[in-house]
Structures are given as structure tokens and as C-alpha cells.
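**Student:**
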Amino acid sequence: MTTASTRQWPVALLLSLTLLLLVTLSLPHWHGLFHWLQPDSKQVIYNRDGFFTLLGSHLLLVLSSGLAASLTGIGLGLWVTRDSGRDFLPLVSTLASVGQTFPPVAVLALAVPALGFGFKPAFFSLLLYGLLPVVRNTIAGIQGIAPAVQEAAQAMGMTPWQQLWQVELPMAASVIMAGVRTSLIINVATATIGSTIGARTLGDPIIAGLINFNLAYVVQGALLVGLLAISLDSLFDYLGRRLYSAAEGH
Amino acid sequence: MIELDQVSKHYGDSIAVNSLSLTIQAGDFCVFIGTSGCGKSTTLRMINRLIEPSHGHIRIDGEDIAGLRPELLRRRIGYAIQSIGLFPHWTVARNIAVVPQLLGWEPQRIRQRVHQLLELLHLDPAQFADKLPAQLSGGQAQRVGVARALAADPNILLMDEPFGALDPITRESLQAEMLRIQAELHKTIVFVTHDIDEALKLGNRIVVMDQGRIIQNASPQQLVQHPANDFVANLIGQQDRGLKAAACTTVAELLQPARMPLPSDQPRLHGSDSLKLAVSQMLWHKVDCLPVCDDSGQVIGELSMQRILEQQP
């Protein structure tokens with residue numbers, strides 16, 4: 320059954336990607352719809368930047384901060400589950416849980432005085448915010464491995480590195496990937512707020528729309544952010560299933 | 013040969029193993045027995061350095077293991093535990109191959125070895141090699157665990173209550189496998205259990221431990237017949253020690269030449285059966301003498317209740 324489902328086309332992924340591309344390309348031509356939404360406004364299509372440019376820079380911000388957050392988060396999670404970092408496990412584990420309750424706007428607001436306006440503070444706050452689910456899931460993934468398996472790996476004569484690469488990471492991979500997925504999806508949405516501190520994202524039309532009472536702009540930004548989030552989520556769903564079946568040894 | 017020389021292990025103020033000295037000869041099947049917390053598992057795990065002793069030295073074939081890299085030491089020592097600890101993301105074959113792979117064997121040699129081990133443990137290679145641990149029963153999984161421990165043909169095998177979690181029938185069949193494998197391979201086996209029957213059945217040397225010390229180190233027969241103190245006597249059980257003693261002697265040791273042709277419909281004993289089984293058979297069939305045959309079914313002698321009674325001290 321597993322083999323059959325992995326050989327299938329990733330329908331959801333292809334569909335959401337196609338839809339995202341089509342909407343991004345065709346959005347400037349949907350005058351009719353947006354005039355109906357916002358009849359009192361002459362300008363109904365956001366035109367300060369192309370939607371493709373906005374999508375690109377939004378994606379760049381999310382992916383670069385996501386990559387940095389994943390690498391740092393996995394590294395941190397692995398470190399506190401080694402002998403050398405185990406003393407910090409309770410601290411990091413608590414921070415990762417408590418940090419999640421911090422509103423993203425507050426993180427952004429705090430980053431501005433330190434890093435100024437634009438890409439940098441947005442990147443930094445997304446990194447911090449995206450770190451938490453990755454750290455939490457890495458710790459959970461490693462701790463979820465049965466102690467007997469860890470003991471066997473050690474007793475068979477694996478070095479600590481071999482235990483990590485051959486046993487711990489493959490066994491924790493799906494849980495860690497779920498953390499990366501959550502982190503990225505949250506940050507796709509959070510990145511829109513980056514527009515308030517001058518990062519160019521799909522939040523631009525939303526913020527502009529809110530300021531000018533232009534519902535059409537808001538809908539355009541929100542539509543693309545939503546489609547992007549669905550596409551990324553389907554991508555991870557697909558990768559996760561590939562990973563799962565690889566871990567099963569097929 | 014494994015030598016433990018004044019080995020101690022402290023955890024803070026509590027003493028798990030207290031200045032323990034012991035020599036385990038090559039080819040011995042040495043069973044550590046005692047109540048939980050007596051230090052038997054700790055002692056076992058110090059031999060492959062999963063636990064480092066606080067004091068004392070452990071030597072394998074004269075070499076102090078403190079001077080070896082733990083990983084290299086462990087690849088030379090087989091290890092099987094009650095909770096088995098198979099790697100759930102690997103197939104049975106890959107699980108068994110783990111130590112040979114760490115040692116860098118050729119793929120062809122590993123494949124042959126895995127095949128050979130599956131057959132040794134009575135698991136059909138065609139059926140089991142590609143299964144995942146989750147698809148195995150408890151008994152099958154422990155067979156794989158034992159195969160994994162034997163994979164790189166180590167001289168020493170450490171086993172920590174390997175059959176403790178299995179049902180009685182599966183446990184008996186795996187105990188029989190261990191005796192057969194040991195007769196074939198002559199490993200030095202250190203085996204931890206809290207089950208006295210298992211200890212008497214498997215070991216040719218039994219080390220009774222309590223509170224981190226050795227109470228008695230003896231052969232099964234000596235242990236049953238001359239328990240060192242009340243603790244050991246209680247461990248063996250006062251009431252049925254006659255049967256325990258009978259379980260330590262084989263029929264072959266008391267074999268007599270057949271005096272007269274015995275009726276062919278009678279049950280037969282094997283040379284490798286224990287006296288306990290022989291007595292049980294006699295009681296059940298209400299006879300005082302049974303024929304003994306070899307593996308091919310040929311009668312090689314007989315055993316009478318009289319003879320058993322004469323031999324028991």
C-alpha cells in the first residue's frame with residue numbers, strides 16, 4: 320500500500336502550485352471581480368510592485384529565514400540531547416515552548432531598534448520565531464527513540480557520530496520534518512507583517528489596502544499568501560511521505 | 013577469559029557493585045543470578061564499558077579494557093538484552109549486519125553471514141531477511157537480537173535477561189537454542205537472569221550475587237547440593253531442590269547397559285534429557301525403568317529409578 324501511494328503523482332502539490340502560478344500571473348487582469356468588491360475605487364489592482372516580484376521576495380524571505388532556522392534549530396535540538404549539552408535541555412526546552420507564546424509583531428517591533436528597517440530585521444525575527452517548532456520537534460524526535468535502541472546502538476560499537484547519523488536522525492526525521500513544516504507555514508503568514516517594517520513581501524498589498532480602506536488590495540495579498548502556504552504544505556506532505564517510505568526501507 | 017579484579021561501581025553514596033573479583037574461563041556459560049538491584053546487570057555492562065567501573069580493573073584475555081577504545085571493544089563483544097532494541101527503521105538483515113558493517117566487511121561476506129545466522133537461529137532467510145522488526149513476534153525478534161549479537165563472531169557474548177519478556181514456551185525453545193549454539197560455537201557467555209531454573213538449565217557456572225557482592229560461585233550441581241548460605245538456599249527453593257538437582261544432571265551421566273529387551277511401545281529418553289524429565293516420565297507412565305536412545309532413535313541403554321536414587325546424595 321505504501322509503495323502504491325508513493326508512486327502516485329503528488330496531485331495536491333501539482334494542483335496548488337499550478338493554481339499559485341496561474342493566479343499570480345493573471346491577477347492583474349481580474350478587474351471585473353475587484354471592481355465589484357471595491358466599486359468606489361478607481362485603482363483596484365495593486366500596482367506598486369508586480370505580484371511576481373512580491374511573491375519572489377516573500378518566498379526568499381521565508382525560505383532563507385526558514386533554512387537558517389531549521390539548521391540552527393536542528394543543531395540546537397541535537398546539541399541539548401548530546402552528553403555535552405544535556406545540562407541545557409530543560410532550559411532550551413522551556414524557552415522553545417514559552418517563546419511560541421510571544422506574538423510575532425512583538426518580535427518584529429523589538430528587532431527594528433537593533434537592526435533598522437527592511438529585510439534584515441524581518442529575516443532575523445522570522446528566524447527566531449521559526450526556530451521554536453524546529454527545536455521542540457528535534458528534541459521530541461530524539462527523545463522519542465526507545466532507550467533500548469539507543470543502548471543497542473552504543474553496545475554494538477557505534478561511535479557517537481554513527482549513532483547520530485545511522486540511528487537517531489533517520490528515526491527522528493519525520494518528527495523533525497514536521498517541525499520544519501510548521502515553522503515554514505507559520506512564517507509564510509508571519510512574513511506578511513514584515514511589510515510593516517519595510518521588508519518587501521506579499522504583505523505590501525494587504526497593509527496598503529488596510530491603510531487606504533481598499534478591500535481589493537487586501538484580498539489580492541491574502542489570496543496569494545494563502546495559496547503559497549497551501550503549496551508549501553503540500554510540498555512538505557509529499558516530501559514527508561517520500562521520507563517515510565524511504566525510512567521504511569522501500 | 014574475562015577477569016574482574018576488585019571491581020566496584022558507586023553511584024553517589026550507593027554502592028552497586030562492591031569490590032568484586034571473578035574469573036570467567038574461555039568457553040564458560042557463566043550465569044549471574046540475584047534479586048533486582050544486586051548489581052548483576054551493572055557488572056555485565058562494565059564488561060563492554062557501557063558503564064565505567066569506579067574502581068578496579070577488567071581484563072579480557074589479559075588485556076585491560078580501560079586502555080581500549082570503547083567502540084572497538086564493543087564490536088568484539090556480542091550483546092543481547094531483554095528489550096532487544098532492534099533498529100526499527102532497518103530490515104532484519106540490516107539489523108544483523110550492523111557490527112560486520114561497522115567492521116567494514118565486504119558486502120558479499122556480510123550477506124553470507126546474515127544468511128548463515130538466520131539459519132542458525134531457525135529463521136527462514138527468504139521469509140525474514142527483508143522484514144522490519146515491527147513485523148516480528150517477540151520470540152522472532154529476540155532470535156534476530158541473538159543473531160545480531162553473534163554476527164561478527166565475537167568470542168564473548170553478554171546477555172542481560174534476554175528471554176525474560178517471552179512467554180514460557182518461546183523462552184524454553186530459545187533456551188534450548190542457546191544450549192545448542194553454545195555446544196556448537198563454544199563462546200564465553202555471561203548471562204544475567206533472576207530465574208533460577210533458567211540459570212541451572214543454561215549455566216555451567218553460576219554466580220549468585222546480592223548487594224553488589226558475590227555470595228557463591230559454583231557449578232549448578234554444587235550450588236544445589238551445597239548452597240553457601242540461607243540466601244542461596246532460599247533462591248534455589250527448599251522444597252523442590254530434589255527436582256532442581258535432578259534438572260542439573262543428564263540421563264547420559266547415569267546410563268546403564270540395557271539388561272533386557274524393553275517393550276517398544278514405551279516412551280524413550282534421550283541422553284541429553286535431564287534426570288528431572290526422566291523422573292517425570294517414569295511417574296507419568298508408572299514404570300521404574302525407561303529405555304534411552306540416541307539421536308537416531310537407536311536404543312543405547314536404560315535408566316532405572318533405582319539407579320537415580322543411588323546417585324542422588
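The listed protein sequences correspond, in order, to chains E and U.
Residues 320 to 569 in my numbering are what the first sequence spells out, letter by letter.
Residues 13 to 325 in my numbering are what the second sequence spells out, letter by letter.
Heads up, the beta-carbon is just placed ideally off N, CA and C, and yes, glycines get one too.
This one's a predicted model, so the numbers in the text were calculated from it and none came from an experiment.
1. Evaluate contact between the segment 474–486 of chain E and the segment 437–452 of chain E, counting only Cβ atoms and requiring at least three cross-stretch pairs below 8 Å.
2. Suppose the cutoff is 8 Å on Cβ atoms and the five residues either side in sequence are ignored; what does the same chain contact list for E:Trp398 look like?
3. Under the rule that 16 or more other beta-carbon atoms within 10 Å means buried, what is E:Leu341, buried or exposed?
4. Please check the pair U:Val244 and U:Lys52, which I expect to be a contact at CB under 8 Å, by giving their CB distance rounded to whole angstroms.
5. Using only alpha-carbon positions, find the residue among E:Gly545, E:Tyr365, E:Ile516 and E:Leu332 that is nearest to E:Ala425.
6. With distances taken between CB atoms, is the gap from U:Ala258 to U:Val304 smaller than 7 Å?
7. Excluding the 5 residues flanking U:Arg183 on each side, which residues of the same chain have their C-beta closer than 6 Å to its C-beta?
8. Assuming contact is defined by CB atoms lying nearer than 7 Å, are U:Leu170 and U:Tyr91 in contact in what I supplied?
9. Under the three-state reduction of DSSP, which class applies to U:Arg155: helix, strand or coil?
10. Cβ of U:Val11 less than 7 Å from any chain E Cβ?
11. Suppose you measure from the CA of E:Thr325 to the CA of U:Gly97; what does that come to, to the nearest Å?
12. Rounding to the nearest angstrom, what Cα-Cα distance links U:Leu130 and U:Ala141 in this structure?
13. Just the chain U side, please: which residues come within less than 7 Å of E:Glu487 by C-beta, in chain order?
14. Mapping DSSP to helix, strand and coil, what is E:Phe370?
15. DSSP on U:Ala230, reduced to helix/strand/coil?
16. Report the option in U:Phe44, U:Ser66 and U:Cys42 whose CA atom is closest to the CA atom of U:Asp25.
17. For U:Ala138 and E:Gln462, what's the separation of their Cα atoms in angstroms?
18. Since U:Leu84 meets chain E, which of its residues come closer than 8 Å, beta carbon to beta carbon?
19. Name the DSSP beta bridge partners of U:Asp222, please?
20. Classify U:Asp207 as helix, strand or coil using the three-state DSSP reduction.
21. What first and last residue would you give for the alpha helix (DSSP H) that runs through E:Lys439?
22. If we ignore side chains and look at the alpha-carbon of each, how far apart do U:Ala177 and U:Trp117 end up?
23. Return helix, strand or coil for U:Gly309, following the three-state DSSP convention.
24. Have a look at U:Asp17 and U:Leu214 and give me their C-alpha separation to the nearest angstrom.
25. Would DSSP call E:Thr325 helix, strand or coil?
26. The beta strand (DSSP E) spanning U:Phe41 covers which residue range?
27. Which residues does DSSP list as the beta-bridge partners of U:Val304?
28. Measure the alpha-carbon distance for U:Ile155 versus U:Leu191 and round it to whole angstroms.
29. Given that E:Val468 touches chain U, what residues does it touch there, using C-beta distances under 8 Å?
30. If I measure Cβ to Cβ from U:His22 and keep anything under 6 Å in the same chain, skipping five residues before and after, which residues do I get?
31. What residues from chain E crowd round U:Tyr91, counting only those whose CB sits closer than 8 Å?
32. Since E:Met490 meets chain U, which of its residues come closer than 9 Å, beta carbon to beta carbon?
33. With 7 Å as the threshold, decide whether the Cβ of U:Val110 is near any Cβ in chain E.
34. Tell me whether U:Lys213 sits in a helix, a strand or coil according to DSSP, three-state version.
35. Whose C-beta lies closer than 8 Å to the C-beta of E:Leu380 among residues of the same chain, with five residues either side of it excluded?
**Tutor:** So, to answer that:
1. no
2. Gly404 and Phe407
3. exposed
4. 14 Å between Cβ atoms; not a contact.
5. E:Ile516
6. no
7. Phe175
8. yes
9. helix
10. No answer is possible for residue 11 of chain U: it lies beyond the span of chain U, which begins at 13 and ends at 325.
11. Low confidence applies here, because E:Thr325 scores a pLDDT of 48, under 50, leaving its location unreliable; read the following figure in that light. The alpha-carbon atoms of E:Thr325 and U:Gly97 are separated by roughly 29 Å.
12. 8 Å
13. Ordered by position in chain U, no residue passes the 7 Å Cβ test against E:Glu487, which lies about 11 Å from the chain.
14. helix
15. strand
16. U:Ser66
17. 34 Å
18. Gly476
19. U:Arg225
20. coil
21. Phe438 to Gln462
22. 33 Å
23. coil
24. 25 Å
25. With a pLDDT of 48 at E:Thr325, under the threshold of 50, the modelled position of this residue cannot be trusted; read the value that follows with caution. E:Thr325 falls in the helix class under three-state DSSP.
26. Phe41 to Ile45
27. U:Leu281 and U:Gly313
28. Residue identity differs from the one stated: residue 155 of chain U is Arg in this sequence, not Ile. The straight-line gap from Cα to Cα measures roughly 14 Å.
29. Gly97, Leu98, Phe99 and Pro100
30. Ser66
31. Ala471, Ala474 and Met475
32. Phe99, Pro100 and His101
33. yes
34. helix
35. Phe438, Ala441, Phe442, Leu445, Ala510, Gly513, Ala518 and Thr520
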